[in-house]
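In order, the protein sequence lines correspond to chains A and B. At position 279 of the first sequence the residue is numbered 279 (the numbering used here), and the sequence of numbers has no breaks. Position in the second sequence (first residue = 1) + 325 = the numbering used here. By construction, the Cβ of each residue, glycine as well, lies at the ideal position given by its N, Cα and C atoms.
Number of protein chains: 2
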Amino acid sequence: MGSKNCLMEKISNNLVLAADVGGTNTRMAVVNENGDILTLLKKATHCKNGRDEMIEFIISLAVETIEKSNLSKEEICGMGIGFPGPLNAETGTIFNPPNLDGWDCVPLRGMLEKELGVPVAIENDANAAALGEWWKGAGSGVNSLFCITLGTGVGGGIILDGNIWHGASSIAGEIGHTTVIRDGIKCTCGNIGCLEAYACSGGILRRVNDALLKGRNNDSLQPLTDLKQVSQVIKQGNETVLNVIKETGVILGIAVANIANLLNPEMIVLFGGVTNLGENLVVSLKEEVKRRAFKKATESLRIELSQLGDNSGILGAAKNIFSKL
Amino acid sequence: MGSKNCLMEKISNNLVLAADVGGTNTRMAVVNENGDILTLLKKATHCKNGRDEMIEFIISLAVETIEKSNLSKEEICGMGIGFPGPLNAETGTIFNPPNLDGWDCVPLRGMLEKELGVPVAIENDANAAALGEWWKGAGSGVNSLFCITLGTGVGGGIILDGNIWHGASSIAGEIGHTTVIRDGIKCTCGNIGCLEAYACSGGILRRVNDALLKGRNNDSLQPLTDLKQVSQVIKQGNETVLNVIKETGVILGIAVANIANLLNPEMIVLFGGVTNLGENLVVSLKEEVKRRAFKKATESLRIELSQLGDNSGILGAAKNIFSKL
């Protein structure tokens, strides 16, 4: 089939806007029912001046994305959004995301529906990523999936029987704030020993730098400031840093083994910048899961890296609104 | 309404056999669609001579229960069973329950359907207890519930949107084998630091006796052999034993907080003999959950003791077969 026919086919499907809104960047796309991304814009999120500026920014980026697609507004059937939680996905109300100022019980869905004139569905960003991976990524075709987001924070989204499991108060999936070390290090949530304190990018860097400071032969090494540097010094043969990353894999493995025995999903998807640490992290993670979880749980469990990367949130947001149209 | 009318009403409903089969005792009842138990027999399980004897025992107890109800076989529409796992609830195949000899991939459902001539539904005992509590017990009316069974072992059953969540290989709910203490004590499953190693009746007794042995002023106290004795010595003011039970509550609290943040259920139901330790256990459990779980998860979370006690498995087994008829 030629490329023109292909394009015609894509456009003949229903189309939606899909957005992955973050505190730093926002990605907005036009997506069809097959999960094809037809247009994609990425911009720094305008949010310095508070929530009104941010809502205006989302609306104008939506309009711009439609225009860039050479579509009219009438050709868009709805809009799906992945947004930082906590939020109520049913009502589309944003509570108070830790990294955004001035958001406190904002009925974002209603506001956007009024402005854009189409149905809007809002989902927490970790759930959107999980749904995207389930729809078109690593988890395509599975019945149940737990997606762990490993980045600035550690979050998670649960897909059961093909649907997001939200829980009683819309916070299900918070694997980052389950205890892995009872008397462990302090977490930003106020608790101690949470997975996030060890396995988010900042937590890993702190632990790497602490280990380097304690090591005798590395006095000359400056503190590392990002995970790329961590990978580099491991490549250069630094055992101290390698051991911290392996240990991070073990700690993640405890949390994943707990998920395996508790929820017994078909698949765990690992997602986010921390996964760029690669095999040094993932091998020890998988070993620990095998060591701790029931054989019957691990035999049927696939542990995979995200296939969609930055697009998982957009595709999840798109799937979410398609499922409601 | 007089008692005779009441009885007539009960009998006019569809009736099923419901069994809670254990390695020690089996309880068998006739139950109607309202969850009323019309007849209930309890017998020591005949299983010394292996699985064939045990299957014959289940069949003869079923027949006896129908007879004791003054019913004919034709008035029974089906049979629900709670049975020790692991098992496949969909096919009704029993794998290899640790406390039963000679069971290895036994298609129990098919065998019983052939003998009894009615549809049979088999569910793992922890799931049956969870379903019973959801249907007619502490969790009546809630949307999601996690039932923790605290007895010889520690297990669990998950109800989501009113249905049992089985997972990909029928082992979901195994809270007893999630890690609570990373480098903790050895568990019978081969792993270390599992909740069960600390919070099952045998684990608690071992920890109590270890603490007494270490204590200076209790040299005269003989090792305790059951949890009733544990409650007694606490009543007599033994601080050492009280502290072990409070510590058990804290460890249980870590596991419950993890469930709260991960699954965000509406209710946790605590079930089984260990809950007879009462407030000494439950107060520290609840405090630890509050300390570790998100406020948004705990605000909407009720932690309750089983309301049905020994009948939860029977009522869950009954509900399970009713939902399939």
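- DSSP places K286(A) in the uninterrupted alpha helix (DSSP H) bounded by E279 to R292.
- By the Cβ-count criterion, N350(B) is exposed, with fewer than 16 other Cβ atoms from all chains shown falling within 10 Å of its own Cβ.
- Contact annotation: the segment 108 to 116 of chain A does not touch the segment 137 to 144 of chain A, with fewer than three C-beta pairs closer than 8 Å.
- By the neighbour-count criterion, in which 16 or more other beta carbons inside 10 Å mark a residue as buried, E53(A) falls on the exposed side.
- L308(A) and C77(A) have their alpha carbons spaced roughly 24 Å apart.
- Put simply, the CB of L485(B) is near chain A, with a gap under 8 Å to one of its CB atoms.
- DSSP links S469(B) through a beta bridge to L485(B).
- Taking 9 Å as the Cβ-Cβ cut-off, the segment 492 to 507 of chain B approaches chain A at G492, A493, S494, S495, I496, A497, G498, E499, I500, G501, H502, T503, T504, V505, I506 and R507, given in chain order.
- Proximity of I529(B) to chain A, defined by a Cβ-Cβ separation below 8 Å, is not satisfied.
- The alpha-carbon of A199(A) is positioned some 14 Å away from that of N209(A).
- At least one CB of chain B lies nearer than 8 Å to the CB of P265(A).
- Closer than 8 Å to the CB of S323(A) there is not a single CB belonging to chain B.
- Sorting L325(A), N127(A) and K319(A) by C-alpha distance to the C-alpha of D36(A) places K319(A) at the top.
- According to the DSSP secondary-structure assignment, D535(B) is paired through a beta bridge with no residue.
- Per the C-alpha coordinates, the member of L538(B), K539(B), A642(B) and G498(B) positioned closest to E521(B) is G498(B).
- In this structure, A19(A) is the residue among A19(A), R291(A), K114(A) and N49(A) with its C-alpha nearest to the C-alpha of F83(A).
- Residue environment for G492(B): buried (at least 16 other C-beta atoms within 10 angstroms of its C-beta).
- Residues of chain B whose Cβ lies closer than 8 Å to the Cβ of P86(A) are, in chain order, K621.
- One Cα belongs to A317(A), the other to N311(A), and the distance between them is close to 10 Å.
- When the alpha-carbon of N516(B) is set against those of L87(A), I303(A) and A293(A), the nearest one is in A293(A).
- For I496(B), no alpha helix (DSSP H) encloses it, and the DSSP letter there is neither H nor E.
- Exposure of S385(B) is indicated by the presence of fewer than 16 other C-beta atoms within 10 angstroms of its C-beta.
- Non-local C-beta neighbours of G597(B) in its own chain, meaning closer than 6 Å and more than five positions away in sequence, comprise T474, L475 and G476, ordered along the chain.
- Contact with chain B is absent for S140(A), since none of that chain's Cβ atoms lies less than 8 Å from the residue's Cβ.
- Under the Cβ distance rule, L587(B) counts among the residues neighbouring chain A, one pair being separated by less than 8 Å.
- The alpha helix (DSSP H) runs of length 4 or more contained entirely in the segment 224 to 288 of chain A are, from start to end of the chain, 227 to 235 and 239 to 263.
- Chain-ordered listing is empty here: chain B has no CB closer than 8 Å to the CB of R27(A), the nearest sitting near 27 Å.
- Bounds of the beta strand (DSSP E) holding K368(B) are I362 to A369.
- When L315(A), E288(A), E33(A) and L212(A) are compared, the shortest CA-CA separation from I303(A) is found for E288(A).
- For R352(B), the uninterrupted beta strand (DSSP E) segment begins and ends at N350 to N357.
- According to the DSSP assignment, I185(A) belongs to no alpha helix (DSSP H), since it is labelled neither H nor E.
- Counting only residues of its own chain and dropping the five nearest sequence neighbours on each side, E400(B) has a CB closer than 7 Å to the CB of L340.
- One Cα belongs to S144(A), the other to G155(A), and the distance between them is close to 17 Å.
- The beta carbon of E299(A) falls within 8 Å of a beta carbon belonging to chain B, placing the residue at that interface.
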